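Undergrad: Residue numbers 7 to 515, in my numbering, belong to the letters of the sequence shown in order.
Where a beta carbon is used, it is the ideal one built from N, C-alpha and C, also for glycine.
Quantities reported herein were computed from a predicted structural model and do not represent experimental measurements.
To start, I am sharing the structure in question, which I have written as structure tokens.
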Amino acid sequence: MDEPESYPDEIGPKHWPSSRFAHVMKLRQAALRTAREKWSDYILFIDVDNFLTNPQTLNLLIAENKTIVAPMLESRGLYSNFWCGITPKGFYKRTPDYVQIREWKRTGCFPVPMVHSTFLIDLRKEASDRLTFYPPHQDYTWTFDDIIVFAFSSRQAGIQMYLCNREHYGYLPIPLKPHQTLQEDIENLIHVQIEAMIDRPPMEPSQYVSVVPKYPDKMGFDEIFMINLKRRKDRRDRMLRTLYEQEIEVKIVEAVDGKALNTSQLKSLNIEMLPGYRDPYSSRPLTRGEIGCFLSHYSVWKEVIDRELEKTLVIEDDVRFEHQFKKKLMKLMDDIDQAQLDWELIYIGRKRMQVKEPEKVVPNVENLVEADYSYWTLGYAISLEGAQKLVGANPFGKMLPVDEFLPIMYNKHPVLTSSPHCHLFQTLSDDCERLATPCTLARRHDPSVAEAVVCLNSSRFPLHFPPPCTLTGAGDWSMGHEWKRQVLLWSKAAGNSCCKFSLLSSPSL
């Protein structure tokens with residue numbers, strides 16, 4: 007069949023008018039007819055933008071011994087290639103079972119009223135002879151849509167559709183709206199690729215397919231640093247490939263390995279722990295890993311100063327990128343430039359710790375707020391002046407975890423809330439509440455915690471914020487800890503180092 011370049015009644019390349027549905031149904035019907043003529047035992051339908059990453063998918067589906075069976079495919083949201091409910095008029099019906107199956111809270115092979123996009127038909131089954139994609143069944147009165155027409159055909163043939171989620175089979179993109187563009191479609195597919203790389207090897211293109219070359223850049227930053235432990239080659243390789251797919255150029259910074267630090271090395275660097283410091287939740291002292299993390303970020307700040315870099319992006323190697331990360335971050339930085347904001351730090355990814363009160367919105371810049379007490383340094387932009395002030399605070403003499411140090415420097419740490427000497431940093435941060443669409447980053451290993459990183463652009467998981475600091479309990483800052491006193495003294499001593507921090511937070515780098 008000839009492929010039309012466009013359809014007469016379409017409003018854009020992502021619009022699906024009736025003529026386009028009809029064309030796809032005819033293509034599938036032609037494929038089904040050819041398979042029958044060849045006496046094929048099975049026919050597997052796969053949409054071109056679906057990715058099967060499990061090499062055993064076909065064998066696993068055949069083993070289910072169903073007439074029509076589909077592997078559950080994952081997306082960046084709850085969207086998948088099946089329905090659990092359908093109305094009497096053939097429309098989608100939301101059911102509690104859908105989320106249970108989609109999030110693997112129930113696993114197995116389930117009878118469902120609809121599978122689409124990728125599915126297997128067993129042509130050995132006699133009932134399959136009555137299946138058609140086109141034309142619609144003579145009794146069909148529902149909306150003219152290819153997947154609904156086929157679901158009706160299956161029902162009339164007395165065939166039950168099945169959806170299997172026993173394994174992880176692959177991925178599919180979330181459909182775009184009719185007005186969206188082919189460029190947005192490309193970005194959608196890129197995000198599918200990088201999501202697949204979180205826990206699995208990258209999807210390599212076929213040797214028979216020509217690939218458009220990529221041209222990585224620094225997104226308008228003077229430098230982009232990625233902090234990575236040398237012994238974590240797995241993270242480094244994943245991040246470099248993920249960044250390349252998004253056309254982002256980075257410089258790798260070899261992180262200081264806290265496990266390799268010894269007492270003599272700490273002494274040679276004049277590193278002293280903040281007296282009396284205890285983690286506010288576990289009440290443990292500062293760990294060598296936290297020292298290594300601080301030193302890694304400190305080395306970046308020093309390089310920013312040495313090279314006089316005016317605008318720098320810093321990311322860690324265990325982050326997860328949100329959809330259209332590059333586009334959204336570049337848009338944010340452009341908006342900040344247009345608003346002529348005098349910023350020194352922008353959180354690109356964080357875990358917001360104070361959630362009882364809303365953060366102050368920054369005028370004229372969408373998704374930007376003045377940041378309150380926050381954890382994590384998985385992604386941030388920093389200016390030359392910001393780096394100078396962080397290094398100028400001489401943190402080695404009273405060392406804290408870096409994500410406790412930053413809130414102290416911008417005057418949002420809980421132990422400073424009643425101190426008259428707290429005016430150190432004015433802070434700005436990108437808030438992106440749930441279902442907003444900013445550029446976002448998140449730690450990759452625990453998606454439920456990742457949602458706590460303030461900017462979430464999906465409904466995969468409920469928002470899960472850790473308890474905010476309430477100055478009570480085992481890690482109570484109000485109980486006269488020595489480290490509280492030291493922090494207040496430090497704050498007073500650094501009171502002339504006022505710095506403005508722009509912070510952008512996101513849950514998926």
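(1) Counting along the chain, where does the alpha helix (DSSP H) carrying S302 start and finish?
(2) Which of the three DSSP states, helix, strand or coil, is assigned to Y353?
(3) Going by DSSP, which residues form a beta bridge with T124?
(4) Distance, Cα to Cα, Y177 vs I297?
(5) Give the single residue among W382, L384, L412 whose Cα lies nearest to the Cα of G392.
(6) Along the alpha helix (DSSP H) that carries L104, what are the first and last residues, could you check?
(7) Quick check on L249: does DSSP put it in helix, strand or coil?
(8) Y379 and M359 - do their beta-carbons sit closer together than 8 angstroms?
(9) Give the secondary structure of P19 by DSSP, where H, G and I count as helix, E and B as strand, and everything else as coil.
(10) Whole angstroms are fine: how far does the CA of H197 sit from the CA of A76?
(11) Considering G385, what are the terminal residues of the beta strand (DSSP E) in which it resides?
(12) Under a three-way DSSP split, which group does D8 fall into?
(13) Looking at the unbroken beta strand (DSSP E) that takes in P413, where does it start and where does it end?
(14) Determine the direct distance from the alpha carbon of S46 to that of L84, and round the result to whole angstroms.
(15) Check E193 in the structure and name its three-state DSSP category.
(16) Helix, strand or coil, according to DSSP, for P14 in the structure here?
(17) For S302, which residues from the same chain have a beta carbon less than 7 angstroms from its beta carbon, with the 5 sequence-adjacent residues on both sides left out?
(18) Is it true that the region 117-129 meets the region 51-69, where meeting means three or more beta-carbon pairs spaced less than 8 angstroms apart?
(19) Got a sec, what are the start and stop residues for the alpha helix (DSSP H) R68 sits in?
(20) Rounded to whole angstroms, what's the CA-CA distance from C445 to G355? Just pull it up for me.
(21) What's the C-alpha gap between W110 and A345?
(22) Could you pull the start and end residues of the alpha helix (DSSP H) that M336 belongs to?
(23) Under three-state DSSP, which class holds L33?
(24) Could you tell me the distance, in whole angstroms, from the CA atom of L137 to the CA atom of P102?
(25) Check whether the Cβ atoms of M167 and I74 lie closer than 8 angstroms to each other.
(26) Could you tell me the alpha carbon to alpha carbon distance between D143 and T63, rounded to whole angstroms?
(27) Have a look at P184 and A377 and give me their C-alpha separation to the nearest angstrom.
(28) If E309 sits next to D228, beta carbons under 8 angstroms apart, how far is it from one beta carbon to the other, in whole angstroms?
(29) Please classify P117: does DSSP put it in a helix, a strand, or coil?
(30) Would you please state the rounded distance, in angstroms, between the beta carbons of I200 and E251? I believe it to be under 8 angstroms.
(31) Just to confirm, is the Cβ distance from L182 to K20 under 8 angstroms?
(32) For R241, which three-state DSSP category applies?
(33) Quick check: A41 and I49, are their CB atoms within less than 8 angstroms of each other?
(34) For my contact list, K32 and Y104 are in at a C-beta cut-off of 8 angstroms; report their separation, rounded to the angstrom.
(35) If you check the beta carbons only, do N194 and I180 fall under 8 angstroms apart?
(36) Alpha carbons only, please: which of E350, T383, P291 is nearest the one belonging to V320?
TA: Straight from the coordinates:
(1) Sequence index remark: in the sequence shown, residue 302 carries index 296 (1-based). Looking at the DSSP string, the run of the alpha helix (DSSP H) that includes S302 is 294-312.
(2) Here residue 353 corresponds to residue number 347 of the sequence shown, with the count starting at 1. Looking at Y353 - three-state DSSP - the assignment turns out to be strand.
(3) In the sequence shown, the residue the question calls residue 124 occupies position 118. BP columns for T124 point to I52.
(4) Position 171 of the sequence shown, counted from the start, is the residue given in the question as residue 177. Position 291 of the sequence shown, counted from the start, is the residue given in the question as residue 297. Put simply, the backbone Cα of Y177 is about 39 angstroms away from that of I297.
(5) Numbered from its first residue, the sequence shown carries residue 392 at position 386. Distance check between G392 and each of W382, L384, L412 places L412 closest, using alpha-carbon atoms only.
(6) Against the sequence shown, residue 104 aligns to sequence position 98. The amino acid at residue 104 is misidentified as Leu; the sequence shows Tyr. Here the alpha helix (DSSP H) through Y104 covers 102-108.
(7) For this step, residue 249 is matched to residue 243 along the sequence shown. Three-state result, L249: helix.
(8) Here residue 359 corresponds to residue number 353 of the sequence shown, with the count starting at 1. Here residue 379 corresponds to residue number 373 of the sequence shown, with the count starting at 1. Yes, they are a contact pair.
(9) Taking the first residue of the sequence shown as position 1, residue 19 is located at position 13. Residue state, collapsed to three classes: coil.
(10) For the purposes of this step, residue 76 is identified with residue 70 of the sequence shown, where counting begins at 1. For the purposes of this step, residue 197 is identified with residue 191 of the sequence shown, where counting begins at 1. Taking the Cα positions, A76 is about 23 angstroms away from H197.
(11) Numbered from its first residue, the sequence shown carries residue 385 at position 379. That run of the beta strand (DSSP E) goes 380-389.
(12) To locate residue 8, count along the sequence shown from 1; it is residue 2. D8: coil per DSSP, three-state reduction.
(13) Numbered from its first residue, the sequence shown carries residue 413 at position 407. Where P413 is concerned, there is no enclosing beta strand (DSSP E), although the alpha helix (DSSP H) it sits in stretches over 408-415.
(14) Start at 1 with the first residue of the sequence shown, and residue 84 comes out as number 78. Start at 1 with the first residue of the sequence shown, and residue 46 comes out as number 40. Distance between the alpha carbons of L84 and S46: 34 angstroms.
(15) Residue numbering aside, residue 193 sits at position 187 when the sequence shown is read from its first letter. Correct three-state label for E193: helix.
(16) Position 8 of the sequence shown, counted from the start, is the residue given in the question as residue 14. Coil at P14, not helix or strand.
(17) In the sequence shown, counting from the first residue as 1, residue 302 sits at position 296. Close CB contacts of S302 within its chain, under the 7 angstroms cut and outside five residues either way in sequence, are with I233, V259, A261, V262 (chain order).
(18) Note that the region 117-129 touches the region 51-69; at least 3 beta-carbon pairs, one per stretch, sit closer than 8 angstroms.
(19) To locate residue 68, count along the sequence shown from 1; it is residue 62. Checking the sequence, you will find Ile at residue 68 rather than Arg. For I68, the uninterrupted alpha helix (DSSP H) segment begins and ends at 63-69.
(20) For the purposes of this step, residue 445 is taken as the residue at position 439 of the sequence shown. For the purposes of this step, residue 355 is taken as the residue at position 349 of the sequence shown. Residue placement at C445 is flagged as unreliable, the pLDDT there being 43, under the threshold of 50; a coordinate-derived value is accordingly withheld.
(21) Here residue 110 refers to the residue found at position 104 when the sequence shown is read from its first residue. Here residue 345 refers to the residue found at position 339 when the sequence shown is read from its first residue. Approximately 45 angstroms between the Cα atoms of the pair.
(22) Working through the sequence shown from its first residue, we reach residue 336 at position 330. Per DSSP, M336 belongs to the alpha helix (DSSP H) from 331-345.
(23) Along the sequence shown, read from residue 1 onward, the residue named residue 33 stands at position 27. Here L33 sits in helix by DSSP.
(24) On the sequence shown, residue 137 is found 131 positions in, with the first residue counted as 1. On the sequence shown, residue 102 is found 96 positions in, with the first residue counted as 1. Each residue's alpha carbon lies about 29 angstroms from the other.
(25) As a working note, residue 167 is residue 161 in the sequence shown. As a working note, residue 74 is residue 68 in the sequence shown. For M167 and I74, yes; Cβs fall inside 8 angstroms.
(26) Taking the sequence shown and counting its residues from 1, one reaches residue 143 at position 137. Taking the sequence shown and counting its residues from 1, one reaches residue 63 at position 57. Looking at the sequence shown, residue 143 is not Asp but His. The alpha-carbon separation between H143 and T63 amounts to approximately 31 angstroms.
(27) Within the sequence shown, numbered from 1, the residue matching residue 184 stands at position 178. Within the sequence shown, numbered from 1, the residue matching residue 377 stands at position 371. Whole-angstrom Cα-Cα distance: 36 angstroms.
(28) Here the question's residue 309 lines up with position 303 in the sequence shown. Here the question's residue 228 lines up with position 222 in the sequence shown. Taking C-beta atoms under 8 angstroms as the contact rule, E309 and D228 fail to qualify, at a distance of about 11 angstroms.
(29) In the sequence shown, counting from the first residue as 1, residue 117 sits at position 111. Per DSSP, reduced to three states, the secondary structure at P117 is strand.
(30) For the purposes of this step, residue 200 is taken as the residue at position 194 of the sequence shown. For the purposes of this step, residue 251 is taken as the residue at position 245 of the sequence shown. With a Cβ gap of about 6 angstroms, I200 and E251 count as contacting.
(31) Within the sequence shown, residue 182 is the residue found at index 176, counting from 1. Within the sequence shown, residue 20 is the residue found at index 14, counting from 1. Cβ atoms of L182 and K20: closer than 8 angstroms.
(32) Along the sequence shown, read from residue 1 onward, the residue named residue 241 stands at position 235. Residue state, collapsed to three classes: helix.
(33) Sequence index remark: in the sequence shown, residue 41 carries index 35 (1-based). Sequence index remark: in the sequence shown, residue 49 carries index 43 (1-based). In this structure, A41 places its C-beta atom within 8 angstroms of the C-beta atom of I49.
(34) Stepping through the sequence shown from its first residue, residue 32 is reached at position 26. Stepping through the sequence shown from its first residue, residue 104 is reached at position 98. Rounded, the Cβ-Cβ distance is 30 angstroms, inconsistent with contact.
(35) Locating residue 194 in the sequence shown gives position 188, counting from the first residue. Locating residue 180 in the sequence shown gives position 174, counting from the first residue. The answer is yes: Cβ separation under 8 angstroms.
(36) Here the question's residue 320 lines up with position 314 in the sequence shown. Of the listed residues, the one whose Cα sits closest to V320 is T383.
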